[in-house]
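Undergrad:
In full-length UniProt numbering, the protein residues as written are 1 to 101.
#1: So which of 91, 23, 84, 94 has the shortest CA-CA distance to residue 68?
#2: Specify the secondary structure class of residue 14 as computed by DSSP and reduced to three states.
#3: Could you check how far apart the C-beta atoms of residue 66 and residue 32 are, in whole angstroms? I think they sit under 8 Å.
#4: Going by the DSSP bridge assignment, what does residue 27 pair with across the sheet?
#5: Helix, strand or coil for residue 83? Go by DSSP, reduced to three states.
#6: Suppose you measure from the CA of residue 81 to the CA of residue 92; what does that come to, to the nearest Å?
The following block contains the structure:
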């Protein structure tokens with residue numbers, strides 16, 4: 001039996017506050033099974049949102065989704081999980097229909 005090994009993608013997120021005075025920076029690294037750039041591209045193509053907003057949605061979903069799945073029984077996520085699942089199914093079908101059109 002051949003075992004399939006998953007190739008995770010490694011990312012570094014940097015958030016920089018842009019102000020006239022002193023700026024703050026937040027940075028962290030994470031792994032994801034999805035190619036973040038492909039996810040951003042697909043949501044940009046298929047969501048009908050302006051590109052900047054679609055990019056923000058794509059990144060937010062790939063940051064939140066895996067954490068929620070890993071902690072789906074945690075009280076913080078338990079009530080939201082069914083709504084998130086429904087949202088993701090709707091988003092995926094919308095993107096697929098738009099890209100295949």
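Virtual Cβ for every residue (Gly too), placed ideally from N, Cα, C.
TA: Looking at the coordinates:
#1: 84
#2: Strand at residue 14.
#3: 7 Å
#4: 14
#5: The answer is helix: DSSP assigns residue 83 an H, G or I state.
#6: 16 Å
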